[in-house]
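The structure under discussion appears below in the form of structure tokens.
Protein chains: 2
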Amino acid sequence: MWIGSNSKDFKVLNRLLVRDMIRRRGPIARYEIARETGLTASTVTVIAAELLEAGVIHEVGHAESSGGRRPILLELNARAAHALAIRVQRGELVVAVFDLARRILAERSYDLDTTAPEDVVSTIGVSFEELLQETKIARDSVLWCGVAHPGLISSSTGVLERSSNLGWVGVPVGDMITESIGNIPVVVENISNAAALAEKEYGLGRGHRHLVFINLSVGIGAGILANGEIYGGMQGYAGEVGHMTLLVDQGPICVCGQQGCFEAICSSRTVLERARSVIPEDILRQNGLVKEKLTMAHLASAPLASEPEVQSLVNEIGRHIGVVVANLISMLNPEIVILGGELALLGSRLLAVVEAEVEKRTLEEVRRQVRVRISKMHDQAPLMGAYALALERIFALEDWRDPAYATPREGNQ
Amino acid sequence: MWIGSNSKDFKVLNRLLVRDMIRRRGPIARYEIARETGLTASTVTVIAAELLEAGVIHEVGHAESSGGRRPILLELNARAAHALAIRVQRGELVVAVFDLARRILAERSYDLDTTAPEDVVSTIGVSFEELLQETKIARDSVLWCGVAHPGLISSSTGVLERSSNLGWVGVPVGDMITESIGNIPVVVENISNAAALAEKEYGLGRGHRHLVFINLSVGIGAGILANGEIYGGMQGYAGEVGHMTLLVDQGPICVCGQQGCFEAICSSRTVLERARSVIPEDILRQNGLVKEKLTMAHLASAPLASEPEVQSLVNEIGRHIGVVVANLISMLNPEIVILGGELALLGSRLLAVVEAEVEKRTLEEVRRQVRVRISKMHDQAPLMGAYALALERIFALEDWRDPAYATPREGNQ
DNA sequence: CATACTTAGTTAGTCGAAAAAACTAAGTTT
DNA sequence: AAACTTAGTTTTTTCGACTAACTAAGTATG
Numbered sequence: 000m001w002i003g004s005n006s007k008d009f010k011v012l013n014r015l016l017v018r019d020m021i022r023r024r025g026p027i028a029r030y031e032i033a034r035e036t037g038l039t040a041s042t043v044t045v046i047a048a049e050l051l052e053a054g055v056i057h058e059v060g061h062a063e064s065s066g067g068r069r070p071i072l073l074e075l076n077a078r079a080a081h082a083l084a085i086r087v088q089r090g091e092l093v094v095a096v097f098d099l100a101r102r103i104l105a106e107r108s109y110d111l112d113t114t115a116p117e118d119v120v121s122t123i124g125v126s127f128e129e130l131l132q133e134t135k136i137a138r139d140s141v142l143w144c145g146v147a148h149p150g151l152i153s154s155s156t157g158v159l160e161r162s163s164n165l166g167w168v169g170v171p172v173g174d175m176i177t178e179s180i181g182n183i184p185v186v187v188e189n190i191s192n193a194a195a196l197a198e199k200e201y202g203l204g205r206g207h208r209h210l211v212f213i214n215l216s217v218g219i220g221a222g223i224l225a226n227g228e229i230y231g232g233m234q235g236y237a238g239e240v241g242h243m244t245l246l247v248d249q250g251p252i253c254v255c256g257q258q259g260c261f262e263a264i265c266s267s268r269t270v271l272e273r274a275r276s277v278i279p280e281d282i283l284r285q286n287g288l289v290k291e292k293l294t295m296a297h298l299a300s301a302p303l304a305s306e307p308e309v310q311s312l313v314n315e316i317g318r319h320i321g322v323v324v325a326n327l328i329s330m331l332n333p334e335i336v337i338l339g340g341e342l343a344l345l346g347s348r349l350l351a352v353v354e355a356e357v358e359k360r361t362l363e364e365v366r367r368q369v370r371v372r373i374s375k376m377h378d379q380a381p382l383m384g385a386y387a388l389a390l391e392r393i394f395a396l397e398d399w400r401d402p403a404y405a406t407p408r409e410g411n412q
Numbered sequence: 000m001w002i003g004s005n006s007k008d009f010k011v012l013n014r015l016l017v018r019d020m021i022r023r024r025g026p027i028a029r030y031e032i033a034r035e036t037g038l039t040a041s042t043v044t045v046i047a048a049e050l051l052e053a054g055v056i057h058e059v060g061h062a063e064s065s066g067g068r069r070p071i072l073l074e075l076n077a078r079a080a081h082a083l084a085i086r087v088q089r090g091e092l093v094v095a096v097f098d099l100a101r102r103i104l105a106e107r108s109y110d111l112d113t114t115a116p117e118d119v120v121s122t123i124g125v126s127f128e129e130l131l132q133e134t135k136i137a138r139d140s141v142l143w144c145g146v147a148h149p150g151l152i153s154s155s156t157g158v159l160e161r162s163s164n165l166g167w168v169g170v171p172v173g174d175m176i177t178e179s180i181g182n183i184p185v186v187v188e189n190i191s192n193a194a195a196l197a198e199k200e201y202g203l204g205r206g207h208r209h210l211v212f213i214n215l216s217v218g219i220g221a222g223i224l225a226n227g228e229i230y231g232g233m234q235g236y237a238g239e240v241g242h243m244t245l246l247v248d249q250g251p252i253c254v255c256g257q258q259g260c261f262e263a264i265c266s267s268r269t270v271l272e273r274a275r276s277v278i279p280e281d282i283l284r285q286n287g288l289v290k291e292k293l294t295m296a297h298l299a300s301a302p303l304a305s306e307p308e309v310q311s312l313v314n315e316i317g318r319h320i321g322v323v324v325a326n327l328i329s330m331l332n333p334e335i336v337i338l339g340g341e342l343a344l345l346g347s348r349l350l351a352v353v354e355a356e357v358e359k360r361t362l363e364e365v366r367r368q369v370r371v372r373i374s375k376m377h378d379q380a381p382l383m384g385a386y387a388l389a390l391e392r393i394f395a396l397e398d399w400r401d402p403a404y405a406t407p408r409e410g411n412q
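Chains as they are written, first to last, in numbering that gives the first Met the number 0: chain A, 0 to 412; chain B, 0 to 412.
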């Protein structure tokens, strides 16, 4: 239920509003902020003065006059606070410090051969210390940490319930990372959800409020953005499309034990296996390739891409993906469906097949305005999504100098 | 984007809040409202006085003392305003006037043999006049009208884009109805979405925020409730599960032209046709039935229900429904999936098959907390949903005496 | 090139609404 | 019956945005 509001609440809201407008639209003049927000110019003056005082924004010269006094432009101080973004995957770990203007100040990648949660977390802790040293950033200016993580992450507890990919069960990833980085608050989100958010903020999904991102890699998952926000359903597990039944009582057996799962048919592992068995050995040899080292990039580019065996494989995979995309569109009526992950390397060849299938399997009225696209963010999406998650929370803090005091009252209007 | 807020905004919000709390929790004491909302007792006193003055609420005696002065209970004045609810379906029309306490004050049903939009709308207009006479309700006390309507309804324009069931294309149903009932504002919603809302407010979905209702009748559609609200996606067309591909390149041809659509396989029409062809004639004759008049109710109850042909048909249909429900659960992670419409008559026999399929086809963590249920609202759900939609909007009005003045500023915090 | 006008931003005073504080009202407990 | 508790009211205070009147610094125009 709601909660009553008073003048202190809207004081906070108006300050968040002005700060957010300077962040998203800056450099911007006080007068324009007043016009856009509906606040009076005097109120904006007062709020801007507070933000200037706090060092959150600064003046950056003048804009051109439009027939009167020249506007003084306000801009967010991009170094007033920082965010930590982390991407965890099997065998891989990326840790990066960002400023508020989407710039990476420093970054570290690790190829991990361990898969123990404790090792991953302690690596994160060490990494963070090194990044602080390297960037000479004050520890308490890092206000939030976002983590993109594979598997089922409970939205209520932040606990990783299961990741078949990593082989983890019931690991409180968020709490562990918080502890390892000196109690900076952490938000953990499923990697497909994070990628979906990244596409909305920085990728093909800009300006869209209803978006689906499908991560087509070893595992398959989708991130759903409903009304501009990650939709997790009851427990935060929404978007687990990998184990949707695509072929009823047919097709290969999945790691989950079932038959006909989407992931069993279209995971990058399956696709590569199929490619190995389907492409004649001599063709591989001609191109200086060996079966064991075949990658999705090989399939995607000349000369392999034009081999008939590869083309028919892409067609087949594309048709299956197309069925899932069509069903997603029927069910969710999104503005845009973005295909990402390893299979996105197959690019427009794959896309054409998917689009044809969507054309066949959706109602015209529903389909007409929907776009299907291949992600252009490559493997950057999850990390950028983790950053976006941290940033969201930073800009929900009332006061950057005292994070503890911070979060707005829940359900507050 | 947002808009700035000031004291007038939260004055409105606090009044809506108190009114809504009295509506949902009444009879309730001022003191409890204060505790629950976080407002001070004095503020609640002032707001309650205003609402009493306006005739929106009234005092209804005392509750028991819990060790001090006895609380004075406040209750909504159920007749302070009224709602009109309408259900349109092929061949059928229901119009009902409700008070604010969910009571039907008067109701009219029509079996229409016409399917022209103009005829349906003019019937609504006449019906409304009669209902006003019958109930002796003041016309201007009817503040909103909710309509549950089959087909694709654009959420931005309120226009019915297409209903294959009614054979209507591009009909501005909402505007037409508004005009026919003397410019009372109208909200039109897809019938499955309306039913989903009804289940959440008055049915099995009470207390749930993430719910899917599947309407299994001649047409098949789903209503999705995300975070307690109807989710329509970009255009309002979300939930069109009827034309999801269930069998790839197999199964019967659908009215939409595709093969293997859910609706082609599981619509009540298909099921009845299948039943007619599958049940031996002599068995029908023994029970005094003829093929042509076979209904779902016959299949659902003794003695037909125990015939092996019927049982295996129900099993088959149930397995298909189960696949769709399982896929919905994987994708949306709802708290509860409710099966409604004609096929819901098949009851627990059908449910058991569906549940078994869901058990097989979903991840354990996702499945564990999800409930699958058969609706108990029978054919009342759409009308009650239409009422709930109207009620929602009535309780978003600032002032019931002057609706024109009313709706809160958009995007307002 | 001086006057009028426009746009940008500031300052002092006012107003509206909830909070705080100090009440009254009406019970229960011992 | 005295002490306490809970419910509700009235009066005063506080707080934050708005209003209005200002300054600042430009542009348009005859």
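Ideal placement from N, C-alpha and C gives every residue a C-beta, glycine not left out.
For clarity, every value in this text was computed on a predicted model and none was experimentally measured.
Within the model, the alpha-carbon separation for B/L83 versus B/R101 is close to 11 Å. Here A/S191 really is in contact with A/N214; their C-beta atoms are around 4 Å apart, less than 8 Å. Between B/S6 and A/L12, the CB-CB gap reaches or exceeds 7 Å. Inter-segment contact for the stretch 100 to 115 of chain A and the stretch 138 to 149 of chain A is absent: fewer than three beta-carbon pairs are separated by less than 8 Å. If you compare the alpha carbons of A/V240, A/I229 and A/P184 with that of A/L396, the shortest gap goes to A/P184.
Within the stretch 309 to 323 of chain B, V322 place their CB atoms closer than 7 Å to a CB of chain A, listed in sequence order. Within the stretch 169 to 254 of chain A, complete alpha helix (DSSP H) segments of at least 4 residues are found at 172 to 179 and 190 to 201, given in chain order. For B/N314, the closest alpha carbon among the candidates B/T294, B/A47, B/I152 and B/R273 is that of B/R273.
The residue among A/H81, A/T36, A/P26 and A/Q257 with its C-alpha nearest the C-alpha of A/I56 is A/P26. In this structure, A/E74 is the residue among A/Y30, A/E63, A/R69 and A/E74 with its C-alpha nearest to the C-alpha of A/L50. In terms of beta-carbon proximity, B/P333 lines the interface with chain A, with at least one pair separated by less than 7 Å. The DSSP-derived three-state label of B/S300 is coil. The three-state reading of DSSP puts B/Q88 in strand, counting E and B together.
With fewer than 16 other CB atoms across the displayed protein chains lying within 10 angstroms of its CB, A/G287 is exposed.
One alpha carbon belongs to B/G202, the other to B/I373, and they sit about 11 Å apart. Neighbours of A/H242 in chain B, taken as residues at a C-beta separation under 8 Å, are given in chain order as S329, R360, T361 and L362.
Across the set B/E117, B/G54 and B/Q132, the C-alpha of B/E117 shows the shortest separation from the C-alpha of B/G173. Here A/A389 carries a helix assignment [DSSP, helix/strand/coil]. Within the stretch 89 to 114 of chain B, contact with chain A at the beta-carbon level (separation under 7 Å) is assigned to no residue.
Classified as buried, A/V270 has 16 or more neighbouring CB atoms from the shown chains inside 10 Å of its CB.
When the beta-carbon positions are compared, B/V323 and B/F261 come within less than 7 Å of each other. Judged by DSSP secondary structure, A/S276 falls within the alpha helix (DSSP H) whose first and last residues are S267 to V277. Non-local beta-carbon contacts of B/L344 in its own chain, meaning distances under 7 Å to residues more than five positions away in sequence, involve M295, A296 and A299 in chain order. Note on A/V247: 16 or more other CB atoms within 10 angstroms of its CB, so buried under the neighbour-count rule.
Identification of residues in the stretch 36 to 64 of chain B having a C-beta nearer than 8 Å to some C-beta of chain A yields T36, G37, L38 and T42, given in sequence order. For A/N326 and A/A95, the gap between their C-alpha atoms comes out near 36 Å.
The beta carbon of B/Q379 does not come within 7 Å of any beta carbon belonging to chain A, so the residue lies off that interface. Boundaries of the beta strand (DSSP E) around A/V336: I335 to G339.
Residues of the same chain with a CB within less than 8 Å of the CB of A/A28, apart from the 5 flanking positions on each side, are A62, P70, I71, L72 and L73 in chain order.
For B/Q285, the nearest beta carbon of chain A is not closer than 7 Å to its own beta carbon. Among the residues of the stretch 158 to 183 of chain A, those with a Cβ less than 8 Å away from any Cβ of chain B are E160 and R161, in the order of the chain.
In chain order, Q258, G259, A263 and I264 place their CB closer than 7 Å to the CB of B/G250, counting only its own chain and leaving out the 5 sequence neighbours on each side.
Taking 4 residues as the minimum length, the alpha helix (DSSP H) runs contained wholly in the stretch 32 to 115 of chain A are 40 to 52, in order along the chain.
A/R22 sits buried, since 16 or more C-beta atoms from the chains shown fall within 10 Å of its C-beta.
Judged by DSSP in its simplified three-state form, A/G346 adopts helix. In this structure the stretch 121 to 136 of chain A does not lie against the stretch 159 to 173 of chain A, because fewer than three pairs of beta carbons, one per stretch, are closer than 8 Å.
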